[in-house]
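Shown next, in structure tokens, is the structure this report addresses.
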Amino acid sequence: MGRFTSACRAFALAIWLPIAAGCATYADQLHELRLDFYGGHLVDAERQIAKRLERPGNEGDVLKLERALVELCSGRPKQAEQTLREVRDRFDHLEQKSVAEFGLAMLTDDKRLAYAGEDYEKVLIRVFLSLSNLMHDGGDAYAYALQVSDKQNQIIDTGADETGQNPKLAYKRVAVGAYLHGALCEQTHRDFDDVARSYTKVVSWQPEFAFGQADLHRGMSGRHSAPGNGVLYVFTLVG
6 MGRFTSACRA FALAIWLPIA AGCATYADQL HELRLDFYGG HLVDAERQIA KRLERPGNEG
66 DVLKLERALV ELCSGRPKQA EQTLREVRDR FDHLEQKSVA EFGLAMLTDD KRLAYAGEDY
126 EKVLIRVFLS LSNLMHDGGD AYAYALQVSD KQNQIIDTGA DETGQNPKLA YKRVAVGAYL
186 HGALCEQTHR DFDDVARSYT KVVSWQPEFA FGQADLHRGM SGRHSAPGNG VLYVFTLVG
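Residue numbers (the numbering used here): 6 to 244.
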């Protein structure tokens with residue numbers, strides 16, 4: 006469990022740390038929590054999150070994202086998945102009401118405005134849902150992986166402003182959802198058309214990915230591995 010926890014903690018921090026980067030005050034407030042997390046004191050980190058969740062305010066969903074990572078790195082991927090689903094569903098709900106709520110907040114008190122998540126958070130939540138599910142039963146990992154690309158499409162398609170300009174057309178596509186989908190299809194040894202389509206997206210969206218072309222060639226040839234063998238995937242974020 007120690008090696009799993011250390012690897013998971015490094016991965017989780019690498020991918021989720023930007024959530025608080027846009028708000029120095031929030032990051033400063035969680036300094037002790039992150040020290041515990043970095044130091045492997047996950048019980049203490051979770052205790053701090055629980056205390057903060059008891060306080061009034063509109064940062065509850067972001068704190069739950071912090072808690073999901075602690076749960077995942079503590080070897081509780083099923084619980085992490087449940088927490089991530091809760092935040093995903095709430096962000097989706099807030100997306101639908103954000104326009105009306107924003108108007109009310111401008112007229113009254115901007116503290117009314119609930120935090121509906123940044124675009125990258127909405128995408129990364131679905132990445133972590135797929136990975137969390139893979140770490141226990143894996144039954145929904147395929148669907149979660151599809152949601153990563155679907156959410157990106159939705160964000161871009163609805164990104165036009167009042168002038169008709171859409172700055173979100175410039176978003177760089179996150180390829181990890183398509184890659185996860187391809188890998189999950191590939192392990193069936195039969196859905197190679199889906200594999201090829203997924204890896205084609207990966208190569209198109211992230212051409213600098215060193216293994217993309219090799220994965221695409223393998224997917225198109227329909228040769229995953231010999232009977233009794235497999236492929237080991239290691240997911241990490243670097244840069």
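Glycine included, each C-beta is placed from N, C-alpha and C at the ideal position. Quick caveat, the model's predicted, so the values are computed rather than measured.
Keeping to the same chain, check which residues put their C-beta closer than 7 Å to that of residue i; ignore five residues upstream and five downstream.
| i | result |
| --- | --- |
| serine 137 | Leu77, Pro82, Ala85, Glu86 and Leu89 |
| glutamine 152 | Arg131 |
| arginine 95 | Asp66 |
| leucine 58 | Gly65 and Leu68 |
| arginine 52 | none |
| tyrosine 238 | Ala188 |
Below 8 Å on the Cβ atoms is my contact criterion, and I expect residue i with residue j to pass it. Report the Cβ-Cβ distance as a whole number of Å.
| i | j | result |
| --- | --- | --- |
| serine 154 | alanine 201 | The Cβ separation is near 15 Å, so there is no contact. |
| lysine 156 | valine 128 | 6 Å |
| valine 75 | leucine 47 | 5 Å |
| leucine 38 | alanine 50 | 5 Å |
Answer with buried or exposed for residue i, where buried requires no fewer than 16 other C-beta atoms within 10 angstroms of its C-beta.
| i | result |
| --- | --- |
| valine 207 | buried |
| alanine 180 | buried |
| aspartate 41 | buried |
| serine 226 | exposed |
| glutamine 186 | The sequence as given places histidine at residue 186; glutamine does not occur at that position. When all chains shown are included, histidine 186 counts as buried. |
| histidine 194 | exposed |
| phenylalanine 197 | buried |
| glutamate 213 | exposed |
| tyrosine 204 | buried |
| valine 235 | A small correction: the amino acid at residue 235 is glycine; valine does not occupy that position in the sequence shown. Label assigned to glycine 235: exposed. |
| glycine 224 | buried |
| arginine 228 | exposed |
| arginine 60 | exposed |
| tyrosine 43 | exposed |
| glycine 143 | exposed |
| glycine 233 | exposed |
| aspartate 220 | buried |
| serine 135 | buried |
| phenylalanine 133 | buried |
| glutamate 167 | exposed |
| glycine 217 | buried |
For residue i, collect the residues of the same chain with a Cβ closer than 8 Å to its Cβ; drop the 5 residues on either side in sequence, then sort them by chain order.
| i | result |
| --- | --- |
| leucine 112 | With a pLDDT of 43 at leucine 112, under the threshold of 50, the modelled position of that residue is not reliable, and the figure given next carries that caveat. Result list for leucine 112: empty, nothing under 8 Å. |
Checklist entry - Going along the chain, which unbroken runs of the alpha helix (DSSP H) with 4 or more residues stay wholly within the region 113-165? => result 124-139 and 146-162
Checklist entry - Fully enclosed by the region 189-243, which alpha helix (DSSP H) runs are 4 residues long or longer? => result 197-210 and 217-226
Item to check | Any alpha helix (DSSP H) of 4 or more consecutive residues that is wholly inside the region 22-103 | outcome: 23-26, 29-34, 36-43, 47-58 and 65-78
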